[in-house]
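Residue numbers (the working numbering), protein chains in the order written: chain S, 1 to 253; chain F, 1 to 409.
The C-beta atom is built at its ideal place from N, Cα and C for all residues, glycine as well.
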Amino acid sequence: MIEAHHLTKTFKDKKRGIVTAASDVSFTCQLGRIYGLLGANGAGKTTTLRLLATLLKPTSGTCTVAGHDAATAPEKVRANVGFLAASTALYGRLTAREMVTYFGRLNSMTDEAIRTRLQVLADELDMHEFLDRRCDKFSTGMKQKTSIARTLIHDPAVMIFDEPTLGLDVMTARSIVKFVRDCRNRGKTVIYSTHVMSEVEKLCDTIGIIHAGRLVAEGTLADLQARFGEKDMEEIFVKAVGGEAALAEALKH
Amino acid sequence: MNWHHIVTVYLKELKDSLRDRRTLISMVVVPTLLMPLIMFGVGTIMTKVVRKAQDEATTLVILGGADSPGVVAALKADAKFKVSDSTADFKKLISEKQIRLAVELPVGFEAALKTGAAQTVTLYHYEGEMKSSMGVGEVDRFFRNLRDKTVETRLADRGLAADLVKPFEIKRQNVAPPEKVGGNMIGGLVPYIIIILCFTGAMYPAIDLTAGEKERGTMETLLCSPVHRVNIVLGKFLMVMTASVATIALTLVSTSVSIIIGGNLLAGGGKAAAGKAASGSGGFIPIIDPAGILGVFAMIAPVAMFFAAILLTISLFAKSYKEAQSYVSPLIIVVIMPAMMGMLPGIELTAKTALIPILNLSLVCKEMLSGVWHWQYIAIIFGSTSFYAAVALALCVRMFNREDVIFRA
Chain S
1 MIEAHHLTKT FKDKKRGIVT AASDVSFTCQ LGRIYGLLGA NGAGKTTTLR
51 LLATLLKPTS GTCTVAGHDA ATAPEKVRAN VGFLAASTAL YGRLTAREMV
101 TYFGRLNSMT DEAIRTRLQV LADELDMHEF LDRRCDKFST GMKQKTSIAR
151 TLIHDPAVMI FDEPTLGLDV MTARSIVKFV RDCRNRGKTV IYSTHVMSEV
201 EKLCDTIGII HAGRLVAEGT LADLQARFGE KDMEEIFVKA VGGEAALAEA
251 LKH
Chain F
1 MNWHHIVTVY LKELKDSLRD RRTLISMVVV PTLLMPLIMF GVGTIMTKVV
51 RKAQDEATTL VILGGADSPG VVAALKADAK FKVSDSTADF KKLISEKQIR
101 LAVELPVGFE AALKTGAAQT VTLYHYEGEM KSSMGVGEVD RFFRNLRDKT
151 VETRLADRGL AADLVKPFEI KRQNVAPPEK VGGNMIGGLV PYIIIILCFT
201 GAMYPAIDLT AGEKERGTME TLLCSPVHRV NIVLGKFLMV MTASVATIAL
251 TLVSTSVSII IGGNLLAGGG KAAAGKAASG SGGFIPIIDP AGILGVFAMI
301 APVAMFFAAI LLTISLFAKS YKEAQSYVSP LIIVVIMPAM MGMLPGIELT
351 AKTALIPILN LSLVCKEMLS GVWHWQYIAI IFGSTSFYAA VALALCVRMF
401 NREDVIFRA
């Protein structure tokens, strides 16, 4: 489970002064459910997820991930989280096996446990063919599979996906979406950020719309449809952020 | 601190670095080949060139001398000289290196030698040009001999003893042991090369492990793991230090092997330079105290720590490999300056200079290679450099905990 309470994060920027990337963000992500964080570029999705994964420290507010407080036990939080983002790359000079084994060791797993777990993951993800090849020679699909194996090696209770389908071809993107759904079906808590409306519609149990660092609307797809009187997710999104003018203004920054 | 995590990070970085061509070249190839190349390549070529220049007859022209046939004939008869009959402008010939020098004999030189009237022989040469300088030395010796003989003849004519004008001899005797001579000769150069290698050996891994990781997007992946950031920094730091120390160790091994093989080769050849080298009084391969080499290696450890921490800190700040290179490359000058100052005469090891990083190492290495061990200074230098290294490492850990540095984009 993930609980975020009034998370606020500000940065100093030379040109823009103090920038509020996340402002008073509160939400709860239940066990065995997918929480979708929907927002335009620069809305604060990545910052929020980095706060949950303890990569960043909040300026104010708190969050609890898998029962651990991010401020007091960041290492325990990370031990229970699998974090997959477009910006989490692989070590090109390591093989897929070495890459996944390395992260197993960093999670304090024994070599025996890593071997057993990797065997299971390689079966599930169909990785055997390229397991002992170096990552820099991989296709995008192979890279994604290896990254997924890396996030799952320690079997975390919470999965955080930050725009995992960004820049991927249709087939690879579809396999990722399927994999995210599998995670939920296995009882994991999943938080998924994207700016692709259709993914949210298909995938998420609860949707949070984030705009200019604030969570402006939250609920199931049905809730949001009722609240904004629209069927289409894109229309709901535009209304939630305060119209096209507000969206265009936010995207300027 | 979690040693399991530190070792895991370290071993992974070691494997990763050994698969990186840039790191391999700076860590293994350059240090292994550099010293043998300098010693055999440059050293052999220098020896050959100098010997060839020495063996070659000095081409010269004689200006005047029509009324001094005896001196001209003696010059022509000497195998060391090759007298040219060219009548072209001698200054131009010297400048164009067609001849090495010109000898101007005054009018009535030989006659004046007999009568005792004062005369001046002028040697025209090209200052700074090696062959011309060597030639002028030979001709100078020729005329000195002639002068000495003339003096002897004059003294004999007057029935006086030869030692009247040479009441005593001056003799030089070397008291320095061969190690000391060798240490003094290359004592400045060895630490200088080692300091530069220590720095360049650490440079590429430091950039690759920080800015390189940020650029390739693996830094965020690594930070997602439950490992405490101090352990990540220490693992990376140990790797950079390993690269630095490996660079120096390989240099020392290749240098020692070069000295042993080179010494044997030259001694086996029975050449003059080998004899000089064996006695430690000259040549290109002097003898060094082996304990000095070990001392240098021990003293370099805290400096390698210092360099590793500083380089990691600076390159961590950069967004990309290229940006890090542009920050780190000018630092080489900052490192070379104090290392070079250590080679200057007059800058000695004192309580003050012992506190200046890099310069102190350069100075103490020079002493150790000469077999002189100032234990109190060695302690000060080791202590102060370790302190600087610890401060730099603390700074590095702090930088690693700064979000604006880690996520700088």
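For residue i, which residues from the same chain have a beta carbon less than 7 Å from its beta carbon, with the 5 sequence-adjacent residues on both sides left out?
{"i": "F:Gly70", "result": "Glu110"}
{"i": "F:Met239", "result": "Tyr10, Glu13, Leu14, Ser17, Pro205, Leu209"}
{"i": "F:Tyr388", "result": "Phe306, Pro357"}
{"i": "S:Glu230", "result": "Ile236, Lys239"}
{"i": "S:Val81", "result": "Ala53, Val65, Pro156, Val158, Ile160"}
{"i": "S:Leu221", "result": "Glu201, Ile207"}
{"i": "F:Glu367", "result": "Leu349, His374"}
{"i": "F:Leu164", "result": "Leu155"}
{"i": "S:Asp132", "result": "Thr95, Arg97"}
{"i": "F:Val72", "result": "Ile62, Gly65"}
May I have the straight-line CA-CA distance separating residue i from residue j, to the nearest angstrom?
{"i": "S:Glu112", "j": "S:Phe103", "result": "14 Å"}
{"i": "F:Ala206", "j": "F:Ala246", "result": "14 Å"}
{"i": "S:Arg117", "j": "F:Glu220", "result": "23 Å"}
{"i": "S:Met142", "j": "S:Ile160", "result": "20 Å"}
{"i": "F:Gly280", "j": "F:Ile195", "result": "Low confidence applies here, because F:Gly280 scores a pLDDT of 40, under 50, leaving its location unreliable and the question unanswered by this model."}
{"i": "F:Arg158", "j": "F:Ala79", "result": "33 Å"}
{"i": "S:Met197", "j": "S:Glu234", "result": "6 Å"}
{"i": "S:Met127", "j": "S:Ala53", "result": "27 Å"}
{"i": "S:Thr48", "j": "F:Cys396", "result": "27 Å"}
{"i": "S:Leu166", "j": "F:Trp3", "result": "37 Å"}
{"i": "F:Tyr377", "j": "F:Met27", "result": "30 Å"}
{"i": "F:Lys133", "j": "F:Thr58", "result": "Looking at the sequence shown, residue 133 of chain F is not Lys but Ser. Straight-line Cα distance between these residues: approximately 10 Å."}
{"i": "F:Leu349", "j": "F:Gln54", "result": "39 Å"}
{"i": "F:Glu56", "j": "F:Gly137", "result": "14 Å"}
{"i": "S:Leu55", "j": "S:Glu244", "result": "32 Å"}
{"i": "S:Asp123", "j": "S:Lys15", "result": "50 Å"}
{"i": "F:Gly282", "j": "F:Leu189", "result": "Unreliable placement is indicated for F:Gly282, whose pLDDT of 41 sits below 50; the coordinate value is still reported in the next sentence. One C-alpha to the other measures close to 15 Å."}
{"i": "S:Ala217", "j": "S:Ala22", "result": "15 Å"}
{"i": "F:Lys114", "j": "F:Ile99", "result": "31 Å"}
{"i": "S:Leu251", "j": "S:Arg227", "result": "25 Å"}
{"i": "F:Val83", "j": "F:Ile259", "result": "42 Å"}
{"i": "S:Thr46", "j": "S:Val180", "result": "18 Å"}
Identify, in the order they occur along the chain, each residue of the same chain with its Cβ nearer than 6 Å to the Cβ of residue i, setting aside the five sequence neighbours on each side.
{"i": "F:Phe400", "result": "Arg229, Val233"}
{"i": "F:Ile6", "result": "Asn231, Leu234, Gly235"}
{"i": "F:Cys365", "result": "Pro191, Val296"}
{"i": "F:Phe284", "result": "Note that F:Phe284 has pLDDT 46, beneath the 50 cutoff, so the model's placement of it is unreliable and the number below is only indicative. Cβ within range, chain order: Gly43."}
{"i": "F:Ile381", "result": "Ala354, Asn360, Val364"}
{"i": "S:Asp136", "result": "Gly92"}
{"i": "F:Ser384", "result": "Leu355"}
What residue does the beta strand (DSSP E) around residue i start on, and which one ends it?
{"i": "F:Leu123", "result": "122 to 124"}
{"i": "S:Asp162", "result": "158 to 162"}
{"i": "S:Glu218", "result": "214 to 219"}
{"i": "S:Cys63", "result": "60 to 65"}
{"i": "S:Ile18", "result": "17 to 29"}
Kindly list, in the order they appear in chain F, the residues whose Cβ is closer than 7 Å to that of residue i.
{"i": "S:Glu75", "result": "Pro226, His228"}
{"i": "S:Thr88", "result": "Gly217, Glu220, Thr221, Cys224"}
Determine the chain S residues that contact residue i at a beta-carbon separation under 7 Å, and present them in chain order.
{"i": "F:Leu223", "result": "Leu55"}
{"i": "F:Lys12", "result": "Tyr102"}
How would you list, in chain order, the residues of chain S whose beta-carbon sits under 8 Å from the beta-carbon of residue i?
{"i": "F:Asp55", "result": "Simply none; closest approach about 55 Å."}
{"i": "F:Thr8", "result": "Tyr102, Arg105, Leu106"}
{"i": "F:Glu323", "result": "What F:Glu323 touches in chain S: nothing, since even the nearest Cβ is about 16 Å away."}
{"i": "F:Glu348", "result": "Neighbours of F:Glu348 on chain S: none; closest Cβ ~48 Å, over 8 Å."}
For residue i and residue j, which I take to be in contact (beta-carbon distance under 8 Å), what is that distance rounded to the nearest angstrom?
{"i": "S:Lys57", "j": "S:His68", "result": "Their Cβ separation, rounded to whole angstroms, is 15 Å, which puts S:Lys57 and S:His68 out of contact at 8 Å."}
{"i": "S:Tyr100", "j": "S:Arg134", "result": "Correcting the residue type first, residue 100 of chain S is Val in the shown sequence and not Tyr. So it is not a contact: roughly 13 Å between Cβ atoms."}
{"i": "S:Asn41", "j": "S:His154", "result": "Not a contact, Cβ separation roughly 31 Å."}
{"i": "F:Ala304", "j": "F:Ala202", "result": "7 Å"}
{"i": "S:Ile282", "j": "S:Gly39", "result": "For chain S, the structure presents residues 1 to 253; residue 282 of chain S sits outside this window and is missing."}
Quick one: list the residues of chain F neighbouring residue i, beta-carbon separation under 8 Å, in chain order.
{"i": "S:Gly92", "result": "Arg216"}
{"i": "S:Ala85", "result": "Glu220"}
For the alpha helix (DSSP H) holding residue i, just list the boundary residues, first then last.
{"i": "F:Leu18", "result": "3 to 18"}
{"i": "F:Ser320", "result": "Careful: F:Ser320 lies outside any alpha helix (DSSP H) and carries neither H nor E."}
{"i": "S:Tyr35", "result": "Unbroken run through S:Tyr35 is the beta strand (DSSP E), 34 to 39; no alpha helix (DSSP H)."}
With a threshold of 8 Å on Cβ separation, who are the neighbours of residue i within its own chain once the five nearest residues in sequence on each side are excluded?
{"i": "F:Val405", "result": "Leu316, Phe317, Met399"}
{"i": "F:Ala346", "result": "Just to set this straight, residue 346 of chain F is Gly in the shown sequence, not Ala. Nothing listed; no residue qualifies."}
{"i": "S:Arg225", "result": "The identity of residue 225 of chain S in the sequence shown is Gln, whereas the question assumes Arg. Closer than 8 Å at Cβ, skipping near neighbours: Lys231, Ile236."}
So does residue i have its beta carbon nearer than 7 Å to some heavy atom of the ligand SAM?
{"i": "S:Leu131", "result": "You won't find the ligand SAM in this model; it holds no ligand whatsoever."}
Kindly list, in the order they appear in chain S, the residues whose Cβ is closer than 9 Å to that of residue i.
{"i": "F:His5", "result": "Arg105, Leu106, Ser108"}
If the cut is a Cβ gap below 9 Å, which residues of chain F does residue i touch?
{"i": "S:Ala79", "result": "Ser225, Pro226"}
If you measure beta-carbon to beta-carbon, which residues of the stretch 15 to 30 of chain F are closer than 7 Å to chain B?
Here the protein chains are S and F, and chain B is not one of them.
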